[in-house]
Structures are given as structure tokens and as C-alpha cells.
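Per our numbering, residue -11 is the first one in the sequence shown, and the count goes up by one each step.
For each residue, glycine too, the CB sits at the ideal point set by N, CA and C.
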Amino acid sequence: MKNNVRFYRSVNFKIAFSFILILLISIEIIGAYFIRGLEKSTINNYTKEMNQRVANLATSLGTTMSESNEDDAEAVQRILEDNTASDILEMWVVDDKGIVIATNDVGQKDTIVGKKNEFSDIDDFSLKQYVALDDNNKRVYVNVQPIQSPTGDSAVIGALYVKSDIEQKYTEISNTAIIFFSASVIAGVISMIVALLVSRSITKPIEDMRRQAVRIAQGDYSDKVEVYGHDELSQLAQTFNKLSDRIEDAQDTMEAERNRLDSVLTHMTDGVIATDRRGKVITINEMALTLLDVDSEQAIGQSILTLLDLDEEYTLRKLLESQEEILLDRSKSEQEEDRMILRAEFAMIRRESGFISGLVVVLHDVTEQEKTEEERRQFVSNVSHELRTPLTSVRSYLEALDEGAWEDKEVAPEFIHVTLVETDRMIRMINDLLNLSRMDSGNQPMNLEFVNFNELVDYILDRFDMMVTNQEKKYKIVRDFTERELWVEIDTDKIMQVIDNIMNNAIKYSPDGGTITVHLMETHNNIVLGITDEGLGIPKKDLDKVFERFYRVDKARARKQGGTGLGLAISKEVMKAHGGSIWVESTEGKGSTFYISLPYEPYEEDWWE
């Protein structure tokens, strides 16, 4: 390959040009700040000094003009002439009647003195200080200073008008700037020559390395770069000489890394998708194909926006700029088992130059996390609602009592009774919540013992048989038990709580005079207890939700009967802790059957020996 690079395109020229350009820019910036600062400082100092001079002159004139003397005008004239300086262009003194009584310009003395002032800036005798342009388009500094009486009442007895030559200060600053920039040009020329010499010593070793790089690209690793001196370029030349010995090993390493990356992507539990800079999919692993339910032929080459169904909400530019996490609902239906929520995280593939060459998308299956979070939010909402209702009721009755209802012997006992009922309801709810919390954290102890399950259920039902005489609603309990004795290892108190919950619900929702049938049977490795009522039944859409916390099919009726909405949820956790299960079968309008199942292994006689 021939070196056809022209001089103005060469590194040699660019280094020298860059050096001189940086130098000139630096000098110009410094010069600009310097000249600007010099100009600001010079002008501020001049105006400050001039303001002080005019103020002092106005004070002197005030003393002279306040004296009742016929020679006042001549005294004022002498003061102006004595204070005339080379930079003062014009000075007038106007009395409180607007008559010009003195001027420093002898040539205009006869035409101005004694005449009415025609300059508008002096009409109101107020302080004015500003830069203006005169008739020759040169800058002048105008200062109008009110002349006050020195007697102490601060009365304005006239005004002093002074116009000074500020243009000379700007001229001095311009001359300084010309000197500075002339020196900058001379320094730039000298620096250019030096830079060319220095850059030449740098570019020669670089040219040698360029030739060696071309040979390496063609597969020729035999030649070596000549090393000059012991500087950084020499070290770079030595690195080039080592490059030909290591490049083959580097290629083998890269191939091995590529294979390892393919293996990692294949066995990742998260989906990974890579795109080119246009957003077309170029790589997708097996997990991503599974999560998105597509095959490789469909995905490769497809737009990432289309693949993830983001066409309507996002453009590729917006996706690259935001790089926010996005939740993708890939559910096939509203059924719980068909739900799938994916969290997509986006990251740009960026080269060292900053060029964006693609996008990486990582897909996480967060279906269970989202379900748990939704349940948590619903739980907090339900707890707040369930506690607010009785608290509101209690507060209302207490306010009524506080306002005087306690003196009414007929109303007060009823109000107190309702308050106690609502308080008991909140206590039961809080106790249930504490039990659920302990069960969720695994801190609820289990007092296991072997019991005859037939006798335990019979004992519980006997209690409900005795309770029927004390209740307004009448019901009949029918037992359908297996004749075989069933011994199981359970926590008796907790299982009794589960059966009590189911029986209480059966009684609550059964019609007056209804029959509650209790079945106890043995299946393969399980004991199954079923409790059937003749109540209203549960709608099909609610069957999977009745064991959720605070869920009620008929909310108004359940609250009226004092339920907390946690009984079945606690029962579910108790059965889970025993390794069993609980479920319900129901026909709306005909009744419901709740089942509990416990693991069971028939005991042998020799166990007790």
C-alpha cells in the first residue's frame, strides 16, 4: 500500500495545526478576557473618579451660590475655570430658575450665560450619569449633578452639567488590544515552526508502525518495527513487535469466549435479546423464545418493537432514550394459570466512540412477583377498610354518648352494647391477622399428637348439636362417617378451629330448618372431611377466591353477621401447615360442600407395642 496522504492531510500537519490552533485560541480567549477586564476596570475607574470630581465641584458651587452676593456669577465662573481639565469638554451651571449663570467655554460665554437653559436633562435638577455620542460620533460622559444649599435643608438651588471626553479611555484600550494581538500573531508564527519540527519527530515512528500494521492485517508477522529511543512511541513500537506473536492466541481466545457466551445465553434463566442499531433482532436465546412463545425464524430479523408488542406506545428512539423497565403482559387469557407478566430491561450497546450499535433486552418472568404485590396491595386496602368500618361506628356511638345520650336510660345501654360488639369484632380481626402473620413467617408452633379423628369430629359436632337450642335459627346435623378408626398426627386446637370455621359458615348461610351433612371418609393416603349445607351456594366465578383474605361473596350480609373475612384464609394456612388441603364445591342456589384433606397412613398394631 502506497502512502498517498498529502501534506495538509497528514498527521504531521494536523499536530502542528492543532497545536497552533489551540495556542491561538487560548491567547485569544485570554486576550478577550484581559481586554474586557481592562476596559471595564478603566471605564469604571474613570466614571467613578469623574463622579467624585463633579460631586465635589457641585458642593463648592453650592456654598458659593447660597451666599447673597452680587458677585456670585463671577465667583461661579472662576470656580468652573479653575476646575477645567483636559478631559472636560463642557461645563454649565444653571440656577434654580433655569438660567445659565456660568460656563467653562469662554467662546460660548456671551451666547449662553444669562439665557434660559434648553437642555432637557437639567430641567428636573435630578442626578444623571450616562455615556452618549456627541455630534462627531464620539463617546462622551455626561454628568448632571444637582447643586444643594449647604444650610441643612438640602434645597436644590441649581444644577451642574459636565460633559467629559471618555473616548480617550476607549482609544487607550484599543491601542492595548492592537499591541496584544500583534504579539499573538508573531508568537503563532514561531510556534508553527516549532510544532512542525516536533510533529515530524513523532510521525516518523508512527509511519513505521502503520506499515507494520498493514503487514499484520495481511497475515505477515515476520517483520519488526524499528525502535527509536526510549519514549512512549518506542514502547508502542515494542508492543507492535509483540502483537504478531500474540494475535493468533488472541483469535483462539476470542473464539473460545464466543462459544462460552453462546453456552451462557442458552442456559440462562432469563430471556436475552440483542438487536442491531435499527432495532432488528440479531440474537435471541432459548428462554426468550419460550417466554415470548415464538420460534427463532420468526424472531430473527423482526423489529424489537413488534416482537414485544410495543409499536403503539414506543418508537425505537424513545426506547433508546428512556431505557426504562417495561412490564409486558403476555397473558393468553384472564385465567390465573394463563397469566404471564414479563419485566423487560433495556441497555444500549455503545462503542467507545459513543456510537450506538444496538440494544440488549433482558426479560424476567415476574408473574409471581406481580401477583404477590397485587395481593399485598389488596390486603392492605382490605385491612384498612375492615378496620375503618367498625371504628367509624364506635366513634359515632361514643360521640353520641359524649353529647348526652349516656343520660338516656333506654338509648345508652344499646349504644354501649353496639360499641362493645364492634370492639370485639376488631379484636377478633386483629387476633386473626396476628395468627396469619405468624403462619406466613413460619413462627406458629405446631403441637402435634396422634388422635382418633372420628372421635374428634364427633366431639365437635356434639357441641354444635347442643348449641342449636340456644339459637334462633334451627338446623339438623347428619353424620356420614366411615366405620374404620382413623388415627392422624395433628395439632388438635388448629384442626378444631378449621372445622369450627366451616361449620359456623354452614350454619350462617343455611336456611332455617336446613340440614348440614358431615362426611368422613378414607381415600388413598388421605382422610377427607366434607361439610355440606343447603344455603345459597357460591357463584362459580367466586369459587377460587373464597379462601383469599377478606374476600366475601356477599359483603353486606357477612359484615352483618359479624364475620372478619379471615376464617377461611386461616383455615387454608392451617391445612397447608399440616401438609393437607381445603377446597369447595358449590352449586348456586342449592348449597356448598367444603372439603378438608389430611395425609394419612394406617397404623399397625405393633406401633403401640
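A332 and L351 do touch by the CB rule: their CB atoms are close to 6 Å apart, below 8 Å.
Note that the segment 470 to 484 touches the segment 557 to 567; at least 3 beta-carbon pairs, one per stretch, sit closer than 8 Å. Runs of the alpha helix (DSSP H) lying entirely within the segment 54 to 125 and spanning at least 4 residues, in chain order: 60 to 70, 97 to 100. Put simply, the backbone Cα of I135 is about 34 Å away from that of G25. Between A61 and T52, the alpha-carbon positions lie close to 9 Å from each other. 9 Å or more divides the Cβ of T278 from the Cβ of V269.
The beta-carbon distance between I292 and I261, rounded to whole angstroms, is 7 Å. This is short enough to meet the 8 Å contact definition. DSSP places S574 outside any alpha helix (DSSP H); the residue lies instead in the beta strand (DSSP E), whose first and last residues are 569 to 575.
From the listed residues V64, T91, N435, D111, the smallest Cα separation to D84 is found for D111. Annotation for L184: A4 place their beta carbon closer than 6 Å to its own, counting only its chain and skipping 5 residues before and after. The three-state reading of DSSP puts Q206 in coil, since its state is none of H, G, I, E or B. Rounded to the nearest whole angstrom, the C-alpha separation of T164 and F22 is 10 Å.
Fewer than three pairs of CB atoms, one per stretch, sit closer than 8 Å, so the segment 25 to 38 makes no contact with the segment 168 to 175. If you draw a straight line from the Cα of L586 to the Cα of M434, it comes to about 15 Å. In this structure, the beta-carbon distance from Q200 to V213 falls below 9 Å.
Using a Cβ-Cβ distance cut-off of 8 Å, the segment 61 to 72 and the segment 104 to 123 are not in contact, since fewer than three pairs of beta carbons, one from each stretch, lie closer than that value. In terms of Cα proximity to R127, the closest of P138, R66, E155, Y118 is E155. Taking one beta carbon from each stretch, the segment 297 to 312 and the segment 222 to 241 have fewer than 3 pairs nearer than 8 Å; the two do not touch. With respect to the C-alpha of A494, the residue from I478, S574, G102 having the closest C-alpha is S574. H507 is not a Cβ neighbour of I526, given a cutoff of 9 Å. Between I76 and I17, the alpha-carbon positions lie close to 35 Å from each other.
Secondary structure remark: continuous beta strand (DSSP E) runs of at least 3 residues inside the segment 118 to 173, in chain order: 127 to 136, 144 to 152. In the same chain as V445, and ignoring 5 residues on each side of it, the C-beta atoms closer than 8 Å to its own belong to F469, I487, V506, L508, L517, in chain order. V101 has its alpha-carbon roughly 24 Å from the corresponding atom of A120. Between L436 and E477, the gap from beta carbon to beta carbon is short of 9 Å.
Its Cα nearest to that of D258, the residue M275 stands out among T271, R467, M275, E243. In this model, D219 and K157 are separated by some 53 Å (Cα to Cα). V534 is not a Cβ neighbour of T503, given a cutoff of 9 Å.
Per DSSP, V213 lies in no alpha helix (DSSP H) segment and is marked neither H nor E.
Looking at the backbone, the Cα of V42 and that of L49 are separated by about 10 Å. For E510, the secondary structure class from DSSP, reduced to helix, strand or coil, is strand. Annotation: the continuous beta strand (DSSP E) that includes F469 extends over 463 to 469.
DSSP links R331 through a beta bridge to L315, H352. Inclusion of L296 and V349 in the CB contact set at 9 Å is warranted, their separation being smaller than that value. Cβ-Cβ distances below 7 Å link L556 to N489, V534, F535 in the same chain, with the five nearest sequence neighbours on each side left out; the list follows chain order. R265 sits away from I178, with the two beta carbons spaced by 9 Å or more.
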